[in-house]
Amino acid sequence: MFTTLIRLSLAGLLVSFFVSCQNNKPRTVASGSDDVHAHNQAILNTLPFSDSTDFVNADSGFIATRTDPIIRNPDGGVAYDLSAFDFVDGPAPSTTNPSLWRQSILNRKHGLYKVADGIYQVRGFDLANITFVESDNGWIIIDVLTTAAPAKAALELVNENLGERPIKAIIFTHSHIDHFGGIKGIVSEEQIKNEGIEIIAPEGFYESAITENIIAGNAMIRRSTYMYGFLIPQDTAGFIGSGLGQKVSTGEIGLVEPTLTIDQSEQTVIVDGLEMVFMNTPGAEAPAECMFYIPKYKAFCQAEEINHTLHNLYTLRGAAVRNGLLWSKYIDKTIERFGEETEISFGTHHWPTWGNTSINTLWARQRDVYKYIHDETLHLANKGYTSLEIAEMIRLPEALSGYFANRDYYGTLSHNSKAQYQLYYGWFDGNPANLNTLPPRQSAEKYVEYMGGAAAIMTKVDADIQDGNFRWAATALNHVVFANPGNQAARNKLAEVYEQMAYIAESGPWRNFYLTGAQELRNGIVLDLYERTATPEDILTNMSLETFYDYMAVRLDRSKSTGKSYVFNMVFPDIDEVISLYFVNDVLHNRPGVLAPDPNATITMNKSVFNEIILQKTTGLRKMLSGDIKIEGSKSDYSDFQKMMETPFELFFNIIEP
Numbered sequence: 006m007f008t009t010l011i012r013l014s015l016a017g018l019l020v021s022f023f024v025s026c027q028n029n030k031p032r033t034v035a036s037g038s039d040d041v042h043a044h045n046q047a048i049l050n051t052l053p054f055s056d057s058t059d060f061v062n063a064d065s066g067f068i069a070t071r072t073d074p075i076i077r078n079p080d081g082g083v084a085y086d087l088s089a090f091d092f093v094d095g096p097a098p099s100t101t102n103p104s105l106w107r108q109s110i111l112n113r114k115h116g117l118y119k120v121a122d123g124i125y126q127v128r129g130f131d132l133a134n135i136t137f138v139e140s141d142n143g144w145i146i147i148d149v150l151t152t153a154a155p156a157k158a159a160l161e162l163v164n165e166n167l168g169e170r171p172i173k174a175i176i177f178t179h180s181h182i183d184h185f186g187g188i189k190g191i192v193s194e195e196q197i198k199n200e201g202i203e204i205i206a207p208e209g210f211y212e213s214a215i216t217e218n219i220i221a222g223n224a225m226i227r228r229s230t231y232m233y234g235f236l237i238p239q240d241t242a243g244f245i246g247s248g249l250g251q252k253v254s255t256g257e258i259g260l261v262e263p264t265l266t267i268d269q270s271e272q273t274v275i276v277d278g279l280e281m282v283f284m285n286t287p288g289a290e291a292p293a294e295c296m297f298y299i300p301k302y303k304a305f306c307q308a309e310e311i312n313h314t315l316h317n318l319y320t321l322r323g324a325a326v327r328n329g330l331l332w333s334k335y336i337d338k339t340i341e342r343f344g345e346e347t348e349i350s351f352g353t354h355h356w357p358t359w360g361n362t363s364i365n366t367l368w369a370r371q372r373d374v375y376k377y378i379h380d381e382t383l384h385l386a387n388k389g390y391t392s393l394e395i396a397e398m399i400r401l402p403e404a405l406s407g408y409f410a411n412r413d414y415y416g417t418l419s420h421n422s423k424a425q426y427q428l429y430y431g432w433f434d435g436n437p438a439n440l441n442t443l444p445p446r447q448s449a450e451k452y453v454e455y456m457g458g459a460a461a462i463m464t465k466v467d468a469d470i471q472d473g474n475f476r477w478a479a480t481a482l483n484h485v486v487f488a489n490p491g492n493q494a495a496r497n498k499l500a501e502v503y504e505q506m507a508y509i510a511e512s513g514p515w516r517n518f519y520l521t522g523a524q525e526l527r528n529g530i531v532l533d534l535y536e537r538t539a540t541p542e543d544i545l546t547n548m549s550l551e552t553f554y555d556y557m558a559v560r561l562d563r564s565k566s567t568g569k570s571y572v573f574n575m576v577f578p579d580i581d582e583v584i585s586l587y588f589v590n591d592v593l594h595n596r597p598g599v600l601a602p603d604p605n606a607t608i609t610m611n612k613s614v615f616n617e618i619i620l621q622k623t624t625g626l627r628k629m630l631s632g633d634i635k636i637e638g639s640k641s642d643y644s645d646f647q648k649m650m651e652t653p654f655e656l657f658f659n660i661i662e663p
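Those letters in the sequence shown? Residues 6 to 663, per our numbering, in order.
Given below as structure tokens:
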């Protein structure tokens, strides 16, 4: 009984990152059309490509990189291939936006770099950076990448070139996994305890790191396979980077609890003799985040609040929207507080900026782009324009749009303006016609009928494709595919349109969405291209009981409900915690720390046993037979309740078809 409850609910639960077994064999691809060429030529003519500042900064301080470009996991699998993007070099091919191509050339640079005397970064070993700062007696490490093997490789590169120094502290700037997941490649929990290594993180970090994306996680993961191009080949017509960095590594994911929490808006901490002034910046780029200034080095760590790209006010994988006004205020506070004295500004993505004038320019223009998007969206919304209209109308002033660090490499002006509209107004635009629309398939069937049938649409759409009206062509063909998913001719034509849209896209995620959609239209969902990373045991086992049972409530298959109500008590003696479950009106509630007075059953086990079952190292049945799980009360009621548990959500649900 208990086996079913745990095994089915946790399988595939949390942050199961996937990467493709990349197939880089030669393939036949469509070239960019004349309209694509004209669009991309206009980009070349508009932006200051002759400005080499970013390239100078990205190359500055280079010390060394790995001799072997392949970073392997303990099982021999590839965690990260430093040579995978060697093809991203020279002039942009016809199948890429030249601005995104430029960004990918910068992002693919890898190795150990000297930022200043006492500050070093390893970049290009993962999506994010890992930074090493000298303190009185060792290293303070800032962020530790996504998985253990690249983090370990980075530390080895530092040791080989700079000499070994003890690790005195590790700072997690924020709660996204590409900044904390590689911890086991740097230190073990035993080292942290025995050597007194300080683990510093902003308030809310640990809870956010565990809970973010759990309840909505399955759909987010599926959409992430589109956003990060996990399926598509790495070549000039395929995946060339993510804009924020090149790609995410794969391997072992870990998490440790902070020993020191930054819980004030500004907080000065002495870390192994080094003064650090922290700024808490929650609710902007991440639920929990902090930036900090190091007076000794006149250096500022901008975390992921300031970047060499326009970031997301809404991430396409799906998440709560972010507030551009709040984000801009954090950056403005940075300028006010540290703008006069900072000589080095480095981030957890991309390359550093040197010189007070250049730093203040970067900070100000990043501040201004988020506030402009927020303010102009609300300005137009208050005139009655909808989110779709605003996304079409909004334009950045040239001082912002012509600045490479504000370009659409990750977030875009278009979808960020829609995010700010959603933040204030939600999904509804006020038009009654949009209040209760038909679902996509039914709507598509009527569109195709009214437009004279699929054959007529297929004929008409050729003219739009020829004229470069790719967006309308995609809309029309999408209706044909949703009305009849078996129409392979329509699928192939829509795939061709998506490819042309990808070749125009300046945003890495937009390009990846279009190309992944094109691939699935042609080939369906090819499951053998996926490879799962190691289960993130630290995250799963440290999830609170409340979070676990909140997720259980989402997993209920209410069609199996008998209409009965149930109350169960769950008791975990080894951690001295209890939680009661109430199932009433087909809704599951939980009350942490409370035992119900008259439950249908009480289930008792140690949390360590619970964790073993979560990680599928044993089964509930075995633990019941061994006496490690005890059920007092109605076992049949508990069994009936468990039967409502949904089998694992299907990760590979359809996106480009019903």
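Note that beta-carbon positions come from the ideal geometry of N, C-alpha and C, so glycine has one too.
Once you ignore the five residues that flank residue i on each side, which residues in its own chain have a CB closer than 7 Å to its CB?
i	result
histidine 181	Ala291
leucine 499	Ala479, Leu482, Asn483, Val486 and Leu526
histidine 355	Asn312 and His313
asparagine 285	Pro207, Glu208, Ile267, Gln269, Ser270 and Cys295
glutamate 217	Ser180 and Pro292
proline 663	Pro445, Arg446, Phe487 and Pro490
isoleucine 75	Val83 and Asp86
Tell me, to the nearest whole angstrom, how far the beta carbon of residue i is from that of residue j; I am working on the premise that it is less than 8 Å.
i	j	result
glycine 568	asparagine 605	That belief does not hold up - the Cβ atoms of glycine 568 and asparagine 605 are roughly 15 Å apart, past 8 Å.
aspartate 131	threonine 178	Actually they do not touch by this definition, with Cβ atoms about 14 Å apart.
methionine 225	phenylalanine 518	Not quite, the Cβ-Cβ distance comes to about 14 Å (not below 8 Å), so this is no contact.
alanine 153	glycine 259	7 Å
glycine 288	asparagine 328	7 Å
methionine 649	aspartate 562	6 Å
Just the C-alpha distance for residue i and residue j, rounded to the nearest angstrom, thanks.
i	j	result
asparagine 28	glutamine 239	The predicted position of asparagine 28 is uncertain, since its pLDDT is 49 and thus under 50; a value taken from the coordinates is nonetheless stated next. Cα-Cα distance, rounded: 8 Å.
proline 514	phenylalanine 244	10 Å
leucine 87	arginine 113	8 Å
valine 572	leucine 545	25 Å
alanine 478	arginine 496	12 Å
alanine 488	valine 559	30 Å
asparagine 134	serine 644	49 Å
glutamate 693	threonine 273	Since the displayed the chain opens at 6 and closes at 663, residue 693 lies outside it and no answer follows.
leucine 331	glutamine 371	13 Å
alanine 386	asparagine 411	23 Å
cysteine 26	threonine 255	For cysteine 26, the pLDDT reaches just 46, beneath the cut-off of 50, and the residue's location in the model is therefore unreliable, although a value from the coordinates is still provided. Using only the alpha carbons, I get a separation of about 11 Å.
proline 263	arginine 227	30 Å
lysine 376	lysine 334	8 Å
glutamate 381	isoleucine 580	52 Å
isoleucine 299	glycine 123	11 Å
glycine 360	asparagine 142	28 Å
glutamate 454	glycine 491	17 Å
glycine 431	glutamate 582	39 Å
alanine 63	glycine 352	12 Å
Within its chain, find whatever has a CB closer than 8 Å to the CB of residue i; leave out the 5 residues flanking it on each side and keep chain order.
i	result
serine 512	Leu105, Gly248, Asp413, Tyr414, Tyr415, Gly416 and Thr417
glutamate 501	Ala35, Ile470 and Ala523
serine 566	Asp591 and Met649
Ordered along the chain, which non-local residues of its own chain (more than five positions away) have a Cβ less than 6 Å from that of residue i?
i	result
alanine 601	Val572, Asn574 and Ser585
threonine 136	Gln126 and Ile147
aspartate 596	The sequence shown places arginine at residue 596, not aspartate. Correct list, in chain order: Ser585.
isoleucine 608	Met575 and Ile636
aspartate 543	Gly259 and Leu260
threonine 665	No answer is possible for residue 665: the residues shown for the chain start at 6 and end at 663.
Is it right to say residue i is buried, meaning 16 or more other beta carbons lie within 10 angstroms of its own, or is it exposed?
i	result
alanine 523	buried
serine 193	exposed
lysine 465	exposed
arginine 93	Checking the sequence shown, residue 93 turns out to be valine, not arginine. The residue is buried, with at least 16 neighbouring Cβ atoms inside 10 Å.
glutamine 425	buried
lysine 628	buried
glutamate 139	buried
isoleucine 275	exposed
Using DSSP's beta-bridge definition, name the partner residues of residue i.
i	result
threonine 652	Threonine 652 pairs with nothing; no bridge assigned.
methionine 574	First, the amino acid is wrong: residue 574 is asparagine here, not methionine. Beta-bridge pairing links asparagine 574 to Ser585 and Thr607.
glutamate 203	Ala174
proline 597	Ile584
tryptophan 432	DSSP output for tryptophan 432 lists no bridge partner at all.
aspartate 86	Ile75
serine 350	Phe305 and Thr358
valine 267	First, the amino acid is wrong: residue 267 is isoleucine here, not valine. Per DSSP, Pro207.
Less than 8 Å between CB atoms is the rule here; does residue i satisfy it with respect to chain C?
i	result
threonine 51	As a matter of chain content, chain C is missing from the structure shown, which is built from one protein chain.
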